[in-house]
Amino acid sequence: MDDSAPRRALHEVVDRLPEKDLALAGKLLTPLLDADARPDVGPLGRWLGMQFTAWSHGRSTCELDLDERFWNLYGIAHGSVAYALADFGMGAAVTSLLQPGQRCVTIEIHMHYLVPVRQARLICDTHVVHMGKHVAFLSSGVRMRKGALVARATGSFFMLSDGHNQSNLPEVLCTFSSQQNGYQGASASVRPLCRGLARTGSPHPAAVGP
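In my numbering, the protein residues as written are 34 to 243.
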């Protein structure tokens, strides 16, 4: 039996259900049928215990259980945990709108931390605010299961195709960030690339020193 046979058999069973039972069947079976289509969280996401519970049409929801492994020296969650949730969530939201052969990479993310948290189920809801030809703008909210908002984030992602020349990607990101914010306003991750391009024509920070 090929791998698609069980799925075909399941669809045949659903097709024979009375109309009054279809809504319940859809609610129960959709997570199973869509599980293989959800984004892979990769090694870091698996180590964090992250999982996606929703992903489609420019939106995503990812979650993780926060415990003492993620605390900082003050016994509260390190800010990088909420940042990771937003970054993963934004990437997935953009990916849900991409065409075959396209990928996306982070340009920058701005975080606003609202309340400290120690142990909770953190949930990150993300949606695409604007989808341009090459750049997508997104918004995320990180909250506890009971609804208290922990952090908000806005970000931008650059979209690539398989045929894109990635050797000039740092220059593209630097140009975009500088146009949006000015050189000094570029995000910390992009600013060293801007310095390299401005001084030597090379995007590599090592070429220009600190």
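Using N, Cα and C, we set each Cβ at its ideal position, and we do this for glycine too.
Per DSSP, the unbroken alpha helix (DSSP H) holding M123 starts and ends at G112 to T128. Secondary structure of G75 (DSSP, three-state): helix. Counting other Cβ atoms within 10 Å of its Cβ, W80 stays below 16 and is therefore classed as exposed.
Nearest in C-alpha terms to D98, of all of A153, G188 and A115, is A153.
In this structure, C157 lies near L118, with their beta-carbon atoms less than 8 Å apart. Contact between the region 81 to 95 and the region 133 to 149 is not established, with fewer than three Cβ pairs separated by less than 8 Å. In this structure, F121 is the residue among F121, V138 and S194 with its C-alpha nearest to the C-alpha of P76.
Looking at the DSSP output, A181 bridges to nothing. Looking from the CA of G188, the closest CA among R49, D48, A126 and R136 belongs to A126. With at least 16 other beta carbons inside 10 angstroms of its own, S173 counts as buried. Counting the other Cβ atoms within 10 Å of the Cβ of G124 gives 16 or more, which makes it buried. If you draw a straight line from the Cα of A169 to the Cα of P51, it is about 43 Å long. Residue environment: A181 is assigned as exposed (fewer than 16 neighbouring CB atoms within 10 Å of its CB, all protein chains considered).
Take the alpha-carbon of P149 and the one of H167: they are about 35 Å apart. For the 8 Å CB-CB criterion, I140 and F191 form a contact. By the neighbour-count definition (other C-beta atoms within 10 Å, threshold 16), R176 is a buried residue. With respect to the 8 Å criterion, Q135 and L193 are classified as neighbours on the basis of their beta carbons.
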